[in-house]
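So the sequence lines, in the order shown, correspond to chains G and D.
Take 1 as the starting number for the first sequence in my numbering and just add one per residue.
Take 1001 as the starting number for the second sequence in my numbering and just add one per residue.
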Amino acid sequence: MGRKQLDDSYVPSTKSSNDVEEINSNYKEKYGFNVPENAIFKTKKGLDEGVVKQISDMKEEPSWMRNFRLKSLKLYEDKPLPNWGGNLKDIDFDNIYYYLKPVEEEGKSWEDIPKDIKDTFERLGVPEAERKHLAGIKAQFDSEVVYGSLMKELEDDGIIFMGTDEALKKHPEIFEEYFGKVIPPHDNKFAALNSAVWSGGSFVYIPKGVKVRRPLQAYFRINAINMGQFERTLIIADEGSEAHYVEGCTAPVYSADSLHSAVVEVIVKKGARFRYTTIQNWSNDVYNLVTKRARVEEDGIMEWVDGNLGSKLTMKYPSCYLVGDRAHGEVLSIAYAAGGQHQDAGAKMMHLAPNTTSTIISKSISLRGGRGSYRGLVNVTPAAVNAKSRVECDALILDDISRTDTYPVMKIDHPSANIEHEATVSKVGEEKMFYLMSRGLTEEEAMGLIVAGFIEPIVKELPLEYAVELNRLIELEMEGSVG
Amino acid sequence: MKVKLLSKIDKELTLSPTEDTQYVLVEPGEHNISLVLSKEGVSIEFINLFSLHGKEEIMLTTQSIHKVPNTSCMVSIKGVLFDSSKSDYVGKIIIEKKAQQTTSFLSDDVLNVGDKTKNHSQPILEIEADDVKASHGATTGQVNEEQIYYLMSRGLSREEAEQNIISGFFEDALLLIKDDKIREEVRSQINA
């Protein structure tokens, strides 16, 4: 670690506080605020066939999509809640709004969208990031994408970056070919739910051989109380293309539960490379139950960088289906579980073709009564000759009221596989603390520095502004966690 | 440390020793073994070696359960799969809230020699205490071709080279056995 990096972002704040409440109020101020709800249209609370039909009517979609939704609703109703992972029994599914339309249509300039919504994204720093770093952006507010932009030259290269609803209208042929193919509605209960009520999300198409240098970004914001957000993202990286997509998520702090249940499908074609980065910082009353999966073809590379900081319960296991020769999948996962939070995160690697390789690196931190669980699968099928996989899970547990678990499954059904799995759990080493404190750092600063070092292998993979943000967030969360 | 060779054991077995004990298992089959640490200061070591041929299968579950402070547990599994044999292993480490100052390790290494072998492994950690050192490692691999090449260049046949490498693979675990007589017994059994 260079001296400069230390100066810039790794030195933890010296502001000290032992007041847990203060940490929450800081989230509230920075992300947890809300603006008055000004919905143009909102379905009634709860979910039934009528609600699904209403959503479909509002969107004026083709009949195949309407049927897809209705079929998915049946699947959702028939499937039981998962009996593993976190506690889902307290979710009151009847007390949630499944669709809320905030604006008439997506704005192409920030001036086009209502002031409250614009102010929200201003406060979250979205337009500023757009000007400085991004190739294109989608901002979703409750159920719909309210703002979108894409750099002119990218549009000229044939890149498509639009709201998923808009893509269904403008590119029905690509849409029908890929939609719901990587994650079919019957995959799991929450994929079925999303398939029934999906709204918003991003559609990305990167043409053959096109390499996008700057990230494309989506920002997901829940504003309304008792809201369910069900965005649906479909990404196609055509042969030999390269791109990076980043998403961030926040919500107001209410004392009522919200539900976020997205489906993200990525298709990485021959020789393409795609990276999908998530910084999830939902407020602590959001259930975050997301299905993310990539299909990776010959020589393709898929990388998931998955940061879970917020939410009440997250259950999310980004996966790669390595279907082509030499396809490579990678998941870098970081979970931060503080009081009242359960991060049940991990990864799945399905080796379905010869010479496929995968890597999973997971780091979790549990403190103040939080629970961090790693759940993962490495499956080498009989078709996957000479597969290689390496899994590394490290957990830090900072006090005696917190909990950490590791639940990996390795199903190795071809003898040529080389598989390594390693997991460690530890507290912050006393010698390390002693050393840093003997150099003049306070206990809190020393702890902050050790935690920063622990997550560094993942943080360094983030775009700079996110790395700084993540460090700052963790530093903020760490305040008052010692002593 | 007391050393016990487990033989003709029940499918379900709970071991809760009151002094430091090493258990060695070489019988294949279906076993669910709980290693319960309920007395302070006690250490358990559990060593399992297996070598499966034909369509033989092993289904083993071990649970290292730490109930009180200041205990340690080490589980070492080493297996070689020939032909179309299969190993299915679940290795759990559970450290309860009270069980501070715990050390618990688990390793599960399987060598595939056959061409239709299957290896399923689930090393699980559930940890509710913070002053602990716990880790697991699991590997699935093959006999290293470079090692075979080296040994063959020294005049060994391919079979001899392979046999040597397999013996070496088991040797790491055999050397952990603290009773000479039991070690020799296990060595002859596993290399038979």
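Where is the CB? At the ideal position from N, CA and C, for every residue including glycine.
It should be emphasised that the depicted structure is a prediction, and the values quoted were computed from it without experimental measurement.
Item	Value
Anticipated Cβ contact below 8 Å, D/Gly1091 with D/Ile1124, distance rounded	7 Å
Local Cβ density within 10 Å of G/Ile23, reported as buried at 16 or more and exposed below that	In this prediction, G/Ile23 has a pLDDT of 35, which is less than 50 and means its spatial position is unreliable; nothing more can be read from the coordinates.
Residue-chain proximity (G/Tyr336, chain D), Cβ-Cβ < 8 Å	no
Supposed close pair G/Leu332, G/Ser261 - CB separation, criterion 8 Å	At roughly 23 Å, the Cβ-Cβ gap does not stay under 8 Å, so G/Leu332 and G/Ser261 are not in contact.
Neighbouring residues, chain G, relative to D/His1120 (Cβ below 9 Å)	Val409, Met410, Lys411, Ile412, Asp413
Chain G within 8 Å of D/His1066, Cβ atoms only	no
Secondary structure of G/Asn379, DSSP reduced to three states	strand
Validate contact between the segment 198-209 of chain G and the segment 234-249 of chain G using beta carbons, cut 8 Å, 3 pairs	yes
Chain-ordered neighbours of G/Asn418 on chain D, where CB pairs are closer than 9 Å	Thr1139, Thr1140, Gly1141, Gln1142
Backbone secondary structure at D/Gly1091 - three-state DSSP	strand
Under the three-state DSSP convention, the category G/Ser261 falls into	coil
Beta-carbon proximity list for G/Leu73, same chain, < 7 Å, skipping 5 on both sides	Glu49, Val52, Ala196
Contact with chain D by G/Glu422, beta-carbon distance below 8 Å	yes
Per-residue burial, G/Phe434 [other beta carbons within 10 Å of its own, 16 or more giving buried]	exposed
Under 7 Å from the C-beta of G/Ser426: neighbouring residues of chain D	Lys1133
Contact the segment 250-269 of chain G vs the segment 290-299 of chain G: 3+ CB pairs below 8 Å	yes
Own chain, CB closer than 6 Å to G/Gln54, minus 5 neighbours either side, in chain order	Thr43
CB contact below 8 Å: D/Lys1097 versus chain G	yes
Straight-line gap, D/Leu1013 to D/Leu1111 (C-alpha atoms, nearest Å)	27 Å
Classification of D/Tyr1149 by the beta-carbon crowding that lies within 10 angstroms, buried from 16 upward	exposed
Where D/Thr1018 falls: helix, strand or coil (DSSP)	coil
Chain D contact for G/Arg232 (CB, 8 Å cutoff)	no
Any 3 or more C-beta pairs closer than 8 Å across the segment 210-218 of chain G and the segment 62-77 of chain G	no
CB-CB length for G/Leu561 against D/Asp1130, believed under 8 Å	Chain G is shown from 1 up to 483; residue 561 of chain G falls before or after that span and cannot be answered.
Status (buried if at least 16 other CB within 10 Å, exposed otherwise) for G/Glu444	buried
Proximal residues of chain G, C-beta to C-beta of D/His1136 below 7 Å	Ala423
When G/Val182, G/Pro184, G/Tyr219 are compared against G/Tyr245, the one with the closest alpha-carbon	G/Tyr219
Contacts that G/Thr314 makes with chain D (C-beta to C-beta distance below 7 Å)	Here the premise fails: no neighbours, minimum Cβ distance about 18 Å.
Boundaries (first-last residue) of the beta strand (DSSP E) holding D/Gly1079	1072-1081
Given 8 Å, three or more beta-carbon pairs between the segment 349-359 of chain G and the segment 376-387 of chain G	yes
Proximity test, Cβ basis, 8 Å: G/Ile397 and chain D	yes
CA nearest to the CA of D/Val1075, picked from D/Glu1096, D/Asn1048, D/His1031, D/Leu1005	D/Asn1048
Separation of D/Glu1030 from D/Ala1138, as counted between CA atoms	20 Å
Contact with chain G by D/Pro1123, beta-carbon distance below 8 Å	yes
From G/Lys312, G/Arg273, G/Gly376, G/Ser366, residue whose alpha carbon lies closest to that of G/Asn288	G/Lys312
Residue range of the alpha helix (DSSP H) that includes G/Thr510	The question about residue 510 of chain G has no answer, for chain G in this structure spans 1 to 483.
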